[in-house]
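Q: Quick note: the sequence shown uses our numbering, first residue 48, plus one each step.
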Amino acid sequence: MTPDILCIGSVLWDVIGRSASVMDKGSDVPGRITRLPGGVALNIAMTLARMGRKPALLSAVGRDAQGIDLVTQCDRLGLITEHLYRSDDLPTDQYMAVEGANGLIAAIADAHSLEAAGDKILRPLINGALGSDTAPFGGTIALDGNLTESLLSVIAGHPAFTAADLRVAPASPGKAERLLPFLTSRRGTLYVNLEEAGILCQTRFDTAPEAAERLIQRGAARALVTDGGRTTCDATADGLVSADPPRVLVTRVTGAGDTFMAAHMNAELEGADRATALTRALAAAAAYVSGDITS
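1) Can you give, in chain order, each stretch of the beta strand (DSSP E) that sits fully within the region 270-327 and has at least 3 residues?
2) Which same chain residues end up closer than 8 Å to Ala182 when comparing Cβ atoms and leaving out the 5 residues on each side of it in sequence?
3) Given 8 Å as the limit, is there contact between the region 128-139 and the region 99-108, that is, 3 or more CB pairs closer than that?
4) Suppose contacts are defined by Cβ-Cβ distances below 7 Å. Is Leu194 in contact with Val215 by that definition?
5) Quick one: what does DSSP say Ser337 is sitting in, helix, strand or coil?
6) Starting from Gln141 and walking both ways along the alpha helix (DSSP H), at which residues does that stretch end?
7) Does DSSP put Ala112 in a helix, in a strand, or in coil?
8) Where DSSP assigns a beta bridge to Leu59, which residues make up the other side?
9) For Gly86, collect the residues of the same chain with a Cβ closer than 6 Å to its Cβ; drop the 5 residues on either side in sequence, then sort them by chain order.
10) How many whole angstroms separate the CB atoms of Thr94 and Asp305, which I take to be in contact at a CB cut-off of 8 Å?
11) Please list the segments of the alpha helix (DSSP H) lying wholly inside the region 171-202, counting only runs of 4 or more residues, in order along the chain.
12) Contact check, Asn240 vs Val272 under 8 Å by CB: the rounded distance?
13) Looking only at its own chain, which residues have a Cβ that is under 7 Å from the Cβ of Leu137, when we skip the five neighbours before and after it?
14) Would DSSP call Ser160 helix, strand or coil?
15) Given a threshold of 16 other Cβ atoms within 10 Å of its Cβ, counted over all protein chains shown, does Pro77 qualify as buried or as exposed?
16) Would you mind reading off the limits of the beta strand (DSSP E) that contains Leu237?
17) Is the beta carbon of Cys280 closer than 7 Å to that of Ala314?
18) Go through its chain and collect everything with a Cβ distance to Gly266's Cβ below 7 Å, but skip five positions before and after it.
19) Is the Cβ-Cβ distance between Val295 and Ser337 less than 7 Å?
20) Could you check which residue in Asp166, Thr298, Gly221 has the C-alpha nearest to that of Ile202?
21) When the distance is taken between beta carbons, is Arg269 closer than 7 Å to Cys248?
22) Gly185 and Ala210 - do their beta-carbons sit closer together than 7 Å?
23) Which same chain residues end up closer than 6 Å to Ala189 when comparing Cβ atoms and leaving out the 5 residues on each side of it in sequence?
24) Under a Cβ-count criterion, where at least 16 other Cβ atoms within 10 Å of its own Cβ denotes burial, should Arg277 be classed as buried or exposed?
25) Is Arg225 closer than 7 Å to Glu257 when the C-beta atoms are compared?
26) Return the first residue and the last residue of the beta strand (DSSP E) that Arg251 is part of.
27) On a CA-only basis, which of Ala310, Ala244, Asp180, Ala284 is nearest Arg100? Give me that one, please.
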């Protein structure tokens with residue numbers, strides 16, 4: 048099967064504990080614990096598949112029992128898994144989070160196997176399976192910041208990515224600085240939240256439009272900045288487009304940014320203009336956090 052979009056980055060198991068109670072440090076409350084396929088790249092791919100796309104995954108997944116189960120689940124969801132790097136030595140990665148009525152309380156991302164695999168996950172873009180240095184992949188690529196800083200720096204200037212519509216997101220605020228090479232190379236569209244934009248610009252912002260405009264000044268080719276339930280902004284050198292997300296009752300937060308990014312890419316692939324694409328993406332993210340869209 049030929050993919051129409053590539054999703055590069057974390058493909059792992061999400062272990063999420065959710066409670067309807069307000070939580071703080073040391074809280075011990077009743078709730079539900081679930082294990083679902085997750086990771087930034089996989090979340091984006093699953094959302095795109097629900098929208099009728101044919102995404103391929105480029106990541107590292109172990110050949111352990113968890114990895115075999117994960118790839119089986121991905122296949123059932125209609126994702127292209129043949130280009131995954133399968134390791135006999137590296138265990139399948141995991142992400143663990145705790146969410147309360149007051150949002151995300153804490154999370155731990157164990158993406159050590161993805162980081163250890165390094166540029167092995169990019170082989171299909173270089174060896175001719177999906178592209179090469181002389182005939183680069185020309186479609187859309189969604190890239191997440193769970194890769195190492197050195198590998199992201201290589202990707203920012205690699206000839207195999209020169210023809211692609213590159214869309215980039217940090218895995219978390221703690222990894223936002225890894226995207227700095229995309230500012231200096233002036234390549235790709237960055238999807239960040241207000242905190243991550245502040246980290247990239249080494250300051251704090253009060254609004255998404257302010258943050259998006261500063262990212263363009265710092266070298267970003269394009270930047271989309273979200274701010275929870277407040278105004279979201281899409282900025283390029285040609286100007287700003289802003290929109291407010293729909294007001295909904297929030298029942299979950301993990302994966303909301305990935306849903307927003309996937310819906311935005313899909314809208315633009317369908318030919319939507321910037322304003323329409325932003326509105327559609329915000330609506331999809333709102334439906335997700337409210338629980339109207341299944342994981």
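Note that beta-carbon positions come from the ideal geometry of N, C-alpha and C, so glycine has one too.
A: By the coordinates alone:
1) As far as the region 270-327 is concerned, its whole beta strand (DSSP E) runs of at least 3 residues are 277-283, 286-290.
2) Result list for Ala182: Gly175, in chain order.
3) The answer is yes - the region 99-108 touches the region 128-139, with three or more Cβ pairs under 8 Å.
4) Not in contact: Leu194 and Val215 (Cβ atoms no closer than 7 Å).
5) Residue state, collapsed to three classes: helix.
6) Note, Gln141: premise wrong, no alpha helix (DSSP H); beta strand (DSSP E) at 141-147.
7) The answer is helix: DSSP assigns Ala112 an H, G or I state.
8) Leu59 pairs with Gly85.
9) Excluding sequence neighbours, Gly86 sits near Ser57, Val58, Leu59.
10) About 7 Å separates the two Cβ atoms, so the contact holds.
11) Taking 4 residues as the shortest admissible run, the region 171-202 contains no complete alpha helix (DSSP H) segment at all.
12) Their Cβ separation, rounded to whole angstroms, is 7 Å, which keeps Asn240 and Val272 in contact under 8 Å.
13) Excluding sequence positions up to five before and after Leu137, its CB lies within less than 7 Å of the CB of Ala107, Gly109, Ser160, Ala163, Ala164, all in the same chain and listed in chain order.
14) The DSSP-derived three-state label of Ser160 is helix.
15) By the 10 Å Cβ count, Pro77 comes out exposed.
16) Here the beta strand (DSSP E) through Leu237 covers 236-240.
17) For Ala314 and Cys280, no; Cβs fall outside 7 Å.
18) Counting only Cβ-Cβ distances below 7 Å, and skipping sequence neighbours, we find Leu230, Thr231, Arg233.
19) Yes; because the gap between Cβ atoms is below 7 Å, this pair is in contact.
20) Closest by alpha carbon: Asp166.
21) Against a cut-off of 7 Å, the Cβ pair of Arg269 and Cys248 comes out as no contact.
22) Yes, the pair counts as a contact, with Cβ atoms nearer than the cut-off.
23) Only Cys54, Ile91, Arg214 meet the Cβ criterion.
24) Its Cβ having fewer than 16 others within 10 Å, Arg277 is exposed.
25) Cβ atoms of Glu257 and Arg225: not closer than 7 Å.
26) It is not in any beta strand (DSSP E) - Arg251 carries neither H nor E in the DSSP assignment.
27) Comparing Cα positions, the closest option is Ala310.
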